[in-house]
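**Q** Sharing a structure with you now.
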Amino acid sequence: MHYEVVIRPNNSWLTTDWRDLLAYRDLLWQFVRRDYTARFKQTILGPLWFILNPLITTVVFAVIFGRVMESTPPGIPALIFFNSGLIAWNYFSALLASTGNTLQGNVHLFSKVYFPRLIVPIAQVVSNLIGLAVQMLTFGCLVLYVWLTDPAFKNLQFGWTILLLPLLLLHVALLALGAGLFLSAITAKYRDLQNLLGFFINSMMFVTPVMWPLSTLEAKFPESYELFMILNPMISIVEGFRLALIGAGSFSATYYTLSVVSSIVLLFCGLVLFERAARSFVDQA
Amino acid sequence: MSEPMISVRGVSKRYRLGTVGMTSLRDDLQRLWRSPTSDPSNHGDFWALKDVSFDVEPGEIVGLIGRNGAGKSTLLKVLSRITEPSAGEIRLRGRIGSLLEVGAGFHPELSGRDNIYLNGAILGMSRAEITRKFDEIVAFAEIEKFIDTPVKRYSSGMYVRLAFAVAAHLEPEILIIDEVLAVGDQQFQKKCLGKMQDVSRREGRTVLVVSHTMPVILQLAHRCVVLEQGEVRFTGAPAKAVEIYLNETGAGTSVHFDVENTQRKFMGTLDAKIIHLRFPRTLPIFEAHEDLRFVAKIRARDRIENARVSMVVFASEGTPVGACFSDGVLQLGPGEEAELEVTLSDPGLAPGAYYCGVAIGKGSYKTGHIDFDVVLETLHFEVCAAPGEDTAVSHWCHQWGRIVFKDLAVRQSSAELAGV
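Chains as they are written, first to last, in the working numbering: chain A, 23 to 307; chain B, 26 to 445.
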């Protein structure tokens with residue numbers, strides 16, 4: 023076997039070594055396993071938390087926004103409405119929160135061992151899929167429950183749109199990964215921003231139609247509606263999920279395409295910045 | 026011959042002083058306002074490595090030595106691709122496994138078993154490879170019983186053993202090890218040394234090892250690179266390299282001990298004074314069962330007759346090991362100087378670090394004992410196991426004391442059947 027590595031100062035833009043990444047694929051699975059095992063060690067309910075967390079949130083939303091503020095769109099059962107929005111949002115926010123701290127959170131590892139740094143955030147994409155899958159199941163159960171109990175159920179239109187789901191999943195994963203890499207690179211350089219990460223994710227939820235229907239935004243702020251749609255690619259994704267899961271919402275192909283484009287741009291920028299930061303931050307940490 | 030396994034060419038690594046550590050957002054924003062020339066945070070550069078070049082051949086064990094801050098760790102970091110060089114080029118003709126810190130990536134909540142897989146993968150092993158070596162790793166680490174216990178419940182010794190075991194069973198063509206032998210008990214250290222020799226000798230792999238423990242370097246390395254302030258000072262035979270390193274580090278590891286003006290803890294009559302002591306060799310390192318020989322230079326103030334030399338050997342932590350008095354055979358006139366060759370025939374010292382106290386005096390218990398001069402804490406030396414020596418035990422355990430007795434005679438009279 024002829025194998026040769028050349029180490030020299032690197033100034034090129036995008037230096038991701040895809041072959042190297044492939045060679046370390048076993049590590050990816052080990053990280054996924056570690057995340058999964060470590061998360062539920064010494065918890066009594068274990069993986070049940072995957073179901074309980076979003077379920078509790080859904081109930082809280084259903085009570086506060088559905089009953090008190092009455093922001094549910096007419097004709098859609100509150101539980102279904104909130105849960106369908108939360109599926110996409112939870113995956114996005116969990117992934118962003120974990121990848122956004124990739125460099126800072128792994129200093130101890132990165133300063134001692136070499137492996138392709140990208141493995142860590144990619145492993146996060148996969149580990150968070152476990153939670154997503156469980157939530158999907160919960161959603162299915164919820165649909166069943168509503169079907170049995172709520173007459174409003176007949177308003178829902180299930181159908182071929184469910185086929186869009188894999189595409190939407192890939193989209194949200196790439197968006198969160200891109201944003202996460204981007205944030206990770208800048209929080210590694212400017213630690214002050216680390217404190218804003220959680221705040222940023224929280225406030226982003228308020229400008230994403232998770233707990234209110236997109237039509238509200240359009241009705242209340244018609245002049246800035248377009249700006250919102252352009253700046254926040256998550257809006258189209260959440261609406262896309264609603265379309266795929268319950269055939270409802272206000273999905274727009276134009277804005278969705280825009281969201282795809284901005285996600286790809288963000289992913290590319292994130293990759294470049296991340297690789298740059300990963301090469302030098304060990305010297306500064 | 027084949028190409029070198031590692032070739033390092035003109036590698037330099039620069040750290041910016043003043044901006045080492047994180048720049049805050051405020052600093053960078055301020056910098057935007059100012060012209061680039063008036064940047065106050067740039068206090069200059071620090072070159073951790075300056076134009077370092079050397080080669081390592083396949084199957085070679087190369088020791089990397091140098092004082093703290095000489096750039097050893099930086100070099101290892103660059104070699105293991107943790108950080109990039111600022112200039113120069115390194116070619117590695119094989120997979121590299123580096124062990125800069127044992128147990129990097131261990132997760133406390135995971136069991137020993139899971140951590141072997143995780144750590145192995147981090148170090149670049151495939152799952153199949155780890156599975157194949159799993160039993161060997163567990164046996165080497167001696168943790169069979171605890172393999173399914175979370176490592177957070179491990180003792181620090183078990184933790185370190187497991188971590189080293191994983192790394193030692195890697196199969197990269199190049200193994201890089203930084204001072205890991207400073208951990209674990211003596212027995213395990215010995216085992217690690219043996220493993221490293223095996224790795225190189227039997228499996229033909231290349232090892233680059235950093236250590237401050239000179240006997241380890243002498244025992245392991247085929248060749249050494251001495252780094253000094255980021256530059257290569259010497260490349261070549263370990264004995265020579267260790268000598269250069271020891272001379273560089275100064276007192277305590279040299280073979281010369283200038284004691285004329287050192288503070289005396291016990292005041293003698295100073296009829297005669299010890300002015301210089303030295304080991305007549307290049308390194309203050311003795312093999313086990315070697316005679317302990319040194320040269321003492323003394324100067325008499327008054328006439329002295331029938332004077333004697335006495336010495337006490339202390340273990341490095343200060344425990345006295347033993348003492349010896351010579352016969353009263355020295356005669357010196359006033360103002361005369363003399364060099365004495367003093368030999369303590371095979372004191373049977375166990376491997377370890379020692380120092381001596383040396384005195385000259387005269388008289389006896391009956392006639393009244395007088396000390397002319399007493400020098401304590403001098404003649405620092407190390408005893409290392411004789412190479413190739415085959416003994417009953419793999420290592421000397423310090424609970425057995427510091428002396429290896431010379432002989433234990435056993436005679437068997439006859440053999441009978443016990444009982445009826």
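Glycine residues also receive a C-beta, built at the ideal position from the N, C-alpha and C atoms.
Buried or exposed: Ala266(A), going by 16 or more other Cβ atoms within 10 Å of its Cβ?
**A** Counting from one through the first sequence, the residue named residue 266(A) turns up at place 244. The residue is buried, with at least 16 neighbouring Cβ atoms inside 10 Å.
**Q** Just the chain A side, please: which residues come within less than 7 angstroms of Ile147(B) by C-beta, in chain order?
**A** Position 122 of the second sequence, counted from the first residue, corresponds to residue 147(B). Within chain A, the residues near Ile147(B) are Leu49, Val135 and Phe137.
**Q** Just by C-beta distance, which residues in the stretch 213-240 of chain B are closer than 8 angstroms to chain A?
**A** Answer set for the stretch 213-240 of chain B: empty.
**Q** Excluding the 5 residues flanking Val284(B) on each side, which residues of the same chain have their C-beta closer than 7 angstroms to its C-beta?
**A** By 1-based counting over the second sequence, the position of residue 284(B) is 259. Taken in chain order, the residues that qualify are Ile299, Ile300, His301, Leu302, Val400 and Thr403.
**Q** Quick check: Met150(B) and Val81(B), are their CB atoms within less than 9 angstroms of each other?
**A** In the second sequence, residue 150(B) corresponds to position 125, counting from 1. In the second sequence, residue 81(B) corresponds to position 56, counting from 1. No, Cβ-Cβ distance for Met150(B) and Val81(B) is not below 9 angstroms.
**Q** Would you say the stretch 349-369 of chain B touches the stretch 311-327 of chain B, given that touching needs at least three Cβ pairs under 8 angstroms?
**A** Touching, yes.
**Q** Ignoring anything shorter than 3 residues or poking outside the stretch 174-208 of chain B, list the beta strand (DSSP E) runs there in chain order.
**A** Counting whole runs of 3 or more residues, the stretch 174-208 of chain B contains the beta strand (DSSP E) stretches 199-203.
**Q** From the DSSP output, in three-state form, read off Ala100(A) for me.
**A** Here the question's residue 100(A) lines up with position 78 in the first sequence. Three-state result, Ala100(A): helix.
**Q** Please decide whether Ala60(A) counts as near chain B, where near means a Cβ-Cβ distance under 9 angstroms.
**A** Position 38 of the first sequence, counting from 1, holds the residue named residue 60(A). Judged by the 9 angstroms Cβ criterion, Ala60(A) is in contact with chain B.
**Q** Quick one: is Gln437(B) buried, meaning 16 or more other Cβ sit within 10 Å of its Cβ, or exposed?
**A** To locate residue 437(B), count along the second sequence from 1; it is residue 412. Label assigned to Gln437(B): exposed.
**Q** Drop a sphere of 10 angstroms on the beta-carbon of Tyr184(B), count the other beta-carbons inside from all chains shown, and report buried for 16 or more, exposed for fewer.
**A** Numbered from 1 along the second sequence, position 159 holds the residue referred to as residue 184(B). Buried is the call here.
**Q** Would you check if there are 3 or more beta carbon pairs closer than 8 angstroms linking the stretch 381-396 of chain B to the stretch 213-225 of chain B?
**A** No, they do not touch.
**Q** Pairing CB atoms from the stretch 143-156 of chain A with CB atoms from the stretch 198-209 of chain A, are three or more of them under 8 angstroms?
**A** These segments touch.
**Q** Cβ of Pro175(B) less than 9 angstroms from any chain A Cβ?
**A** Taking the second sequence and counting its residues from 1, the one referred to as residue 175(B) is at position 150. Yes - at least one Cβ of chain A is within 9 angstroms of the one on Pro175(B).
**Q** Roughly how many angstroms separate the alpha carbons of Gly219(B) and Glu407(B), rounded to a whole number?
**A** Here residue 219(B) refers to the residue found at position 194 of the second sequence. Here residue 407(B) refers to the residue found at position 382 of the second sequence. Gly219(B) and Glu407(B): Cα-Cα distance of roughly 20 angstroms.
**Q** Between the Cα of His237(B) and the Cα atoms of Arg226(B), His247(B), Val251(B) and Trp425(B), which residue gives the shortest distance?
**A** On the second sequence, position 212 is the one that residue 237(B) refers to. Taking only the C-alpha atoms, the option nearest His237(B) is Val251(B).
**Q** So, helix, strand or coil for Ala276(B), using DSSP?
**A** On the second sequence, residue 276(B) is found 251 positions in, with the first residue counted as 1. Bear in mind that a pLDDT of 41 at Ala276(B), under 50, signals an unreliable position, so the number given afterwards is only what the model happens to contain. In the structure shown, Ala276(B) sits in coil (DSSP, three-state: anything other than H, G, I, E or B).
**Q** Whose Cβ in chain B lies nearer than 7 angstroms to the Cβ of Gln52(A)?
**A** Within the first sequence, the letter at position 30 stands for residue 52(A). Those within 7 angstroms of Gln52(A) in chain B are Tyr142, Leu143 and Ala146.
**Q** From the DSSP output, in three-state form, read off Gly46(B) for me.
**A** Within the second sequence, residue 46(B) is the residue found at index 21, counting from 1. Confidence at Gly46(B) is low in this model, with a pLDDT of 47, below 50, so the placement of that residue should be treated as unreliable; the coordinate-derived value is given next. In the structure shown, Gly46(B) sits in coil (DSSP, three-state: anything other than H, G, I, E or B).
**Q** Based on Cα-Cα distance, which residue from Asp398(B), Lys102(B) and Arg157(B) lies nearest to Glu288(B)?
**A** For the purposes of this step, residue 288(B) is taken as residue 263 along the second sequence, with counting starting at 1. Just to set this straight, residue 288(B) is Gln in the shown sequence, not Glu. The shortest C-alpha separation from Gln288(B) is found at Asp398(B).
**Q** In terms of residue numbering, what span does the beta strand (DSSP E) encompassing His237(B) cover?
**A** Locating residue 237(B) in the second sequence gives position 212, where the first residue counts as 1. First-last for His237(B): undefined, no H or E at that position.
**Q** In whole angstroms, give me the CA-to-CA distance for Thr231(B) and Ser32(B).
**A** Counting from 1 along the second sequence, the entry for residue 231(B) is found at position 206. Counting from 1 along the second sequence, the entry for residue 32(B) is found at position 7. Spanning the two alpha carbons is a distance of roughly 12 angstroms.
**Q** Near Ala434(B), which residues of its chain fall below 7 angstroms by C-beta distance, leaving aside the five closest residues on each side in sequence?
**A** Here the question's residue 434(B) lines up with position 409 in the second sequence. So no residue of the chain qualifies.
**Q** Since Leu308(B) and Met336(B) should fall inside the 8 angstroms C-beta cutoff, what is the C-beta to C-beta distance between them, to a whole number of angstroms?
**A** Position 283 of the second sequence, counted from the first residue, corresponds to residue 308(B). Position 311 of the second sequence, counted from the first residue, corresponds to residue 336(B). Not a contact, Cβ separation roughly 20 angstroms.
**Q** Who are the Cβ neighbours of Leu187(A) in its own chain at under 6 angstroms, not counting the five residues just before and after it?
**A** Counting from 1 along the first sequence, the entry for residue 187(A) is found at position 165. Closer than 6 angstroms at the Cβ level, and outside the excluded window around Leu187(A), lie Ala266.
**Q** Using 9 angstroms as the limit for Cβ to Cβ distance, is Val148(A) near chain B?
**A** Translated into positions along the first sequence, residue 148(A) becomes position 126. So, not an interface residue.
**Q** Out of Asp432(B), Val257(B) and Gly353(B), which one is the CA nearest neighbour of Glu330(B)?
**A** Within the second sequence, numbered from 1, the residue matching residue 330(B) stands at position 305. Cα-wise, what sits closest to Glu330(B) is Gly353(B).
**Q** What does Asn32(A) reach in chain B if we use C-beta pairs closer than 7 angstroms?
**A** Residue numbering aside, residue 32(A) sits at position 10 when the first sequence is read from its first letter. Neighbours of Asn32(A) on chain B, chain order: Glu109.
**Q** Starting from Ser32(B), follow the beta strand (DSSP E) in both directions and report where the run begins and ends.
**A** One-based indexing of the second sequence puts residue 32(B) at position 7. Segment Ile31 to Arg41, the beta strand (DSSP E) holding Ser32(B).
**Q** Identify the contact partners of Leu125(B) in chain A, using a Cβ-Cβ distance below 8 angstroms as the criterion.
**A** Position 100 of the second sequence, counted from the first residue, corresponds to residue 125(B). The answer, in chain order, is Lys134 and Val135.
**Q** Would you list the residues sitting across from Cys349(B) in a DSSP beta bridge?
**A** As a position in the second sequence, residue 349(B) is number 324, starting the count at 1. Answer by DSSP bridge pairing, in chain order: Met336(B).
**Q** Helix, strand or coil for Phe250(A)? Go by DSSP, reduced to three states.
**A** Locating residue 250(A) in the first sequence gives position 228, where the first residue counts as 1. If DSSP states are grouped into helix, strand and coil, Phe250(A) belongs with the helices.
**Q** By a C-beta neighbour count over all protein chains shown, 10 Å radius and 16 as the cutoff for buried, is Trp111(A) buried or exposed?
**A** For this step, residue 111(A) is matched to residue 89 along the first sequence. When all chains shown are included, Trp111(A) counts as buried.
**Q** What is the DSSP secondary structure of Asp39(A), reduced to helix, strand or coil?
**A** Residue 39(A) sits at position 17 when you count from the first residue of the first sequence. Three-state result, Asp39(A): coil.
**Q** Any idea what DSSP makes of Ile73(A), helix, strand or coil?
**A** Against the first sequence, residue 73(A) aligns to sequence position 51. Correct three-state label for Ile73(A): helix.
**Q** Per the contact definition of three or more C-beta pairs closer than 8 angstroms, is the stretch 67-84 of chain A in contact with the stretch 166-183 of chain B?
**A** No: fewer than three Cβ pairs fall under 8 angstroms.
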